[in-house]
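One line per chain: the protein sequences are S and R, in this order.
Per the numbering used here, numbering of the first sequence is gapless, rising by one per residue and ending at 1716.
Per the numbering used here, numbering of the second sequence is gapless, rising by one per residue and ending at 1716.
Virtual Cβ for every residue (Gly too), placed ideally from N, Cα, C.
In what follows, a single structure is set out as structure tokens and then discussed.
2 protein chains.
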Amino acid sequence: MVKETLLLTIAVLGGTGKEGKGLAYRWAKAGYQVLIGSRYSEKAVTVASEIMELLEGESSIVGATNREVAQQADIVVVTVPYSGHREILESVKEVLTGKLVIDTTVPLVPPKVSRVQMPPAGSAAQEAREILGENVEVVAAFQNISYEHLLNDEEVECDVLVTGSSKKARQEALMLVEAAGLVGWDAGPIENSVVVEGLTSVLININKQYGSTHAGIKITGAQKPSAE
Amino acid sequence: MVKETLLLTIAVLGGTGKEGKGLAYRWAKAGYQVLIGSRYSEKAVTVASEIMELLEGESSIVGATNREVAQQADIVVVTVPYSGHREILESVKEVLTGKLVIDTTVPLVPPKVSRVQMPPAGSAAQEAREILGENVEVVAAFQNISYEHLLNDEEVECDVLVTGSSKKARQEALMLVEAAGLVGWDAGPIENSVVVEGLTSVLININKQYGSTHAGIKITGAQKPSAE
């Protein structure tokens, strides 16, 4: 028996929100086994069906509780508002050992969302690292993109800066960035996540000052190896 | 008697380094009265002559001590390595009241310059604000550009994100960004300077990982008003 695919299983926690749904859609389209997690499994099942419809039945996506999907996955992607960040991580912590966690969280503090205000750990990703401990690799990515473009199959004119707890973890995450049709860059150690998370507030400020809705960034002056 | 120009006088502290020299050259070329400051006035005079030569005598640039030029200027630009940041600000503090300070400092901590490591104040610019007090407007800008391009009249493929203590101060600084031939964006309050200063470490990391030498960023998805 030959296994049909060697691609990994990705659980998207909070996958019923627009961020998670957009990423789940792109990864399912690229052939990954995608699991949608939610606090309520019925909601996750509904969103899983919606994504399957978009893909015209070309892949099977499973919906279940955040904890169930986290348990079954190789890679766990966290897409929740910052207000639910600590709670969701603590609720799945014990099934994450040895897995890669990709944290998309931006620690915005309403109402001043255009002002950088980081938690005491330094950033949301560093907070995740504190909560999850040394046996879980944490990567921060996808904080700056506009998620609407993902579901609409539109080109996303914003690069993805990937910071994380090890180079290997960042490289794994960069493969998922490319699989989602985005351009990613290794932006260094997890301490650098403050820049990428904070950049979201800078982009919100630019949208406010210049009347735009989807300000983003592109890296200039560097080239990615064509093999990637 | 009509004053020949309404352009402001800019003092570039640490103006004998490559960053300061490049910016001084661009502003002198744009018609501003530029003063070069250094710890040693002879050194400042030499660099002022060098820039005048580059401009083929089309403008007169003065060199003197940091304190002398800070006293005479409307706008004071700080271009020193982080190790000299606090000292230079304290040495000119009492002549800065009511002036605009533009801080270009990146708080790199050798040898790990590709890792973001901010001072307790949150960023170099916030540290400047703490040192100088409420009566001095502080703007942070120009942290991410490659200065070699400035002196060579080359296009700089890196936008300038401007954060600062008030919108008026950011707007004044944005005029100087444009005058230097660069594209600038209002990136919000001074608390956001951590993003822009830290971005330098991210870009250093990208240079290291991808074999580039001048990685930069461009803002996408937003347009500047053509009047600017």
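Asked	Found
For Val1566 (chain S), which of helix, strand or coil comes out of DSSP?	strand
Check whether the Cβ atoms of Met1540 (chain S) and Ser1529 (chain S) sit closer than 8 Å, and answer yes or no.	no
To which residues of the same chain is Ile1633 (chain S) closer than 8 Å at the C-beta, ignoring the five residues directly before and after it?	Val1644, Cys1646, Val1648, Leu1670, Gly1704
Since Gly1525 (chain R) and Gly1502 (chain R) should fall inside the 8 Å C-beta cutoff, what is the C-beta to C-beta distance between them, to a whole number of angstroms?	7 Å
Could you check if Glu1492 (chain S) is buried or exposed, using at least 16 other CB atoms within 10 Å of its CB as the buried criterion?	Bear in mind that a pLDDT of 48 at Glu1492 (chain S), under 50, signals an unreliable position, so the number given afterwards is only what the model happens to contain. Classification for Glu1492 (chain S): exposed.
Rounded to whole angstroms, what is the Cα-Cα separation between Arg1603 (chain R) and Ser1537 (chain S)?	42 Å
What residue from R:Thr1592, R:Ala1668, R:Leu1662, R:Ala1667 has the CA that sits closest to Asp1674 (chain R)'s CA?	R:Leu1662
8 Å is my cut-off, CB to CB: does Gly1545 (chain R) come that close to chain S?	no
Which of the three DSSP states, helix, strand or coil, is assigned to Val1682 (chain S)?	helix
Identify every run of the beta strand (DSSP E) within the stretch 1600-1632 of chain S, keeping only runs that are complete inside it and at least 3 residues long; order them along the chain.	1625-1628
Who does Gln1521 (chain R) pair with in a DSSP beta bridge?	R:Thr1497
When Cβ atoms are compared, which residues of the stretch 1633-1663 of chain S fall closer than 7 Å to chain R?	Glu1645, Cys1646, Leu1649
Does the Cβ of Gly1686 (chain S) have 16 or more other Cβ atoms within 10 Å, making it buried, or fewer, making it exposed?	buried
Chain R partners of Lys1712 (chain S), CB-CB under 7 Å?	Tyr1698
For the beta strand (DSSP E) holding Val1648 (chain S), just list the boundary residues, first then last.	1648-1652
Compute the distance between the beta-carbons of Gln1631 (chain R) and Thr1553 (chain R), then report whether it is under 8 Å.	no
Please check if any C-beta of chain S sits within less than 8 Å of the C-beta of Asp1591 (chain R).	no
Pick out whichever of R:Val1583, R:Glu1660, R:Ile1694, R:Ser1611 has its Cα sitting closest to the Cα of Val1594 (chain R).	R:Ser1611
Taking buried to mean at least 16 other C-beta atoms within 10 Å of its own C-beta, is Gly1699 (chain R) buried or exposed?	exposed
Indicate the three-state DSSP secondary structure (helix, strand or coil) for Asn1701 (chain R) in the structure shown.	Before going further, note that residue 1701 (chain R) is Thr rather than Asn in the sequence given. Of the three classes helix, strand and coil, the one that applies to Thr1701 (chain R) here is coil, per DSSP.
Val1683 (chain R) to Val1690 (chain R), Cα distance in whole Å?	10 Å
When you check each C-beta in the stretch 1675-1693 of chain R against every C-beta of chain S, which residues fall closer than 7 Å?	Ala1675, Gly1676, Pro1677, Glu1679, Asn1680, Val1682, Val1683, Gly1686, Leu1687, Ser1689, Val1690, Asn1693
Going along chain S in order, which residues have a C-beta closer than 9 Å to the C-beta of Ala1703 (chain R)?	Trp1673, Ile1707, Thr1708, Gly1709, Ala1710
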